[in-house]
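> Could you have a look at this structure, given as structure tokens, before my questions?
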């Protein structure tokens with residue numbers, strides 16, 4: 005193979021390798037979006053979204069409870085957001101955060117974070133604001149254990165990054181292998 009053809013082939017392999025690496029490492033943020041749902045009671049205790057299933061352990065799910073945005077909450081029979089709520093993600097997630105709103109005096113929720121059946125940790129909520137769970141990886145579900153005596157919390161702006169699938173790691177290894185092959189070929193051709 006002549007020097008120009010070898011150089012062109014090496015460049016193509018390098019570009020292909022770099023593309024495989026970039027494709028395997030780019031994981032974008034995802035969200036749970038309640039904005040397409042009508043404000044008010046949803047008439048169900050289970051809501052299936054493309055990337056999660058939300059379950060109320062009360063009488064209904066309610067959207068727009070605190071009137072700020074399209075938050076979701078689990079209603080009790082007395083029309084408060086004090087029922088327990090579970091979020092089951094379709095696949096494991098990392099870098100998870102969400103916003104809790106609607107706090108009233110006496111409200112408290114323990115957010116239990118799970119990877120399958122394994123409890124990763126618990127975070128207590130007694131105020132409105134951002135709940136940053138990015139310290140936990142491979143989260144498959146959240147269980148909001150509500151012990152509120154006020155009006156209860158509503159939740160919105162769930163943001164997370166899906167955990168890369170095994171084939172993503174295979175693409176990363178293939179790209180690195182191709183880069184190593186090209187580096188070795190360049191070293192051999194320089195000798």
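Residue numbers (the numbering used here): 5 to 195. Each residue gets a CB set at the ideal place from its N, CA and C atoms; glycine is no exception.
To the nearest angstrom, how far is it from the Cα of residue 86 to the Cα of residue 150?
Position 82 of the chain shown, counted from the first residue, corresponds to residue 86. Position 146 of the chain shown, counted from the first residue, corresponds to residue 150. Taking the straight line joining both Cα atoms gives about 6 Å.
> So the candidates are 156, 127, 95 and 123; which of them puts its Cα closest to the Cα of residue 168?
Indexing the chain shown from 1 puts residue 168 at position 164. Minimum Cα distance to residue 168 is reached at 95.
> If we count Cβ pairs, one from each stretch, closer than 8 Å, do we get three or more for the region 34-48 versus the region 59-68?
Yes, the region 34-48 touches the region 59-68.
> Where does residue 203 land, buried or exposed, given buried means 16+ other C-beta within 10 angstroms?
Here the chain comprises residues numbered 5 to 195, so residue 203 is not present and cannot be evaluated.
> From residue 162 to residue 103, what distance separates their C-alpha atoms?
Here residue 162 is taken as the residue at index 158 of the chain shown, counted from 1. Here residue 103 is taken as the residue at index 99 of the chain shown, counted from 1. Going by the C-alpha atoms only, they are around 7 Å apart.
> Straight-line CA distance for residue 52 to residue 37?
Along the chain shown, one-based indexing puts residue 52 at 48. Along the chain shown, one-based indexing puts residue 37 at 33. Distance between the alpha carbons of residue 52 and residue 37 is about 11 Å.
> Quick check on DSSP: helix, strand or coil for residue 94?
By one-based count along the chain shown, residue 94 stands at place 90. The answer is strand: DSSP assigns residue 94 an E or B state.
> Measure the alpha-carbon distance for residue 118 versus residue 126 and round it to whole angstroms.
Along the chain shown, one-based indexing puts residue 118 at 114. Along the chain shown, one-based indexing puts residue 126 at 122. Roughly 9 Å between the two C-alpha positions.
> Would a C-beta distance cut-off of 9 Å place residue 137 and residue 109 closer than the cut-off?
For the purposes of this step, residue 137 is identified with residue 133 of the chain shown, where counting begins at 1. For the purposes of this step, residue 109 is identified with residue 105 of the chain shown, where counting begins at 1. No; because the gap between Cβ atoms is not below 9 Å, this pair is not in contact.
> Let me know if residue 192 comes out buried or exposed under the rule of 16 or more other beta-carbons within 10 Å of its beta-carbon.
In the chain shown, residue 192 corresponds to position 188, counting from 1. With fewer than 16 other Cβ atoms within 10 Å, it is exposed.
> Pull the bridge partners of residue 107 from the DSSP assignment, please.
Counting from 1 along the chain shown, the entry for residue 107 is found at position 103. Partner(s): none; residue 107 has no beta bridge.
> In the DSSP assignment, the beta strand (DSSP E) including residue 61 goes from what residue to what residue?
The residue you call residue 61 lines up with position 57 of the chain shown. No beta strand (DSSP E) holds residue 61; DSSP gives it neither H nor E.
> Would a C-beta distance cut-off of 9 Å place residue 35 and residue 49 closer than the cut-off?
Here residue 35 corresponds to residue number 31 of the chain shown, with the count starting at 1. Here residue 49 corresponds to residue number 45 of the chain shown, with the count starting at 1. Against a cut-off of 9 Å, the Cβ pair of residue 49 and residue 35 comes out as no contact.
> When the Cα atoms are used, what is the spatial distance from residue 75 to residue 121?
Your numbering for residue 75 matches position 71 in the chain shown. Your numbering for residue 121 matches position 117 in the chain shown. Cα to Cα, residue 75 sits roughly 27 Å from residue 121.
> Given a cut-off of 9 Å on the beta-carbon distance, is the pair residue 106 and residue 81 in contact?
Here residue 106 refers to the residue found at position 102 when the chain shown is read from its first residue. Here residue 81 refers to the residue found at position 77 when the chain shown is read from its first residue. Taking 9 Å as the Cβ cut-off, residue 106 and residue 81 do not qualify as a contacting pair.
> Between residue 91 and residue 56, how many whole angstroms is the CB-CB distance? I'm expecting something under 8 Å.
Along the chain shown, one-based indexing puts residue 91 at 87. Along the chain shown, one-based indexing puts residue 56 at 52. Contact holds; Cβ gap of about 5 Å.
> CB-CB under 6 Å to residue 154, same chain, minus the five flanking residues each way: which ones, in chain order?
Position 150 of the chain shown, counted from the first residue, corresponds to residue 154. Contacts found: 108, 109, 110 and 111.
> Tell me the DSSP bridge mates of residue 51?
Counted from its first residue, the chain shown places residue 51 at position 47. Partner(s): 58.
> Might you give, ordered along the chain, the residues of its own chain that have their beta carbon closer than 6 Å to the beta carbon of residue 33, omitting 5 neighbours on each side?
The sequence position of residue 33 within the chain shown is 29, counting from 1. Once the five neighbours on either side are set aside, the close Cβ partners of residue 33 are 163 and 165.
> Between residue 124 and residue 143, which are expected to be in contact by the criterion C-beta below 8 Å, what is the C-beta distance as a whole number of angstroms?
The count along the chain shown starts at 1 and reaches residue 124 at position 120. The count along the chain shown starts at 1 and reaches residue 143 at position 139. At roughly 7 Å, the Cβ-Cβ gap stays under 8 Å, so residue 124 and residue 143 are in contact.
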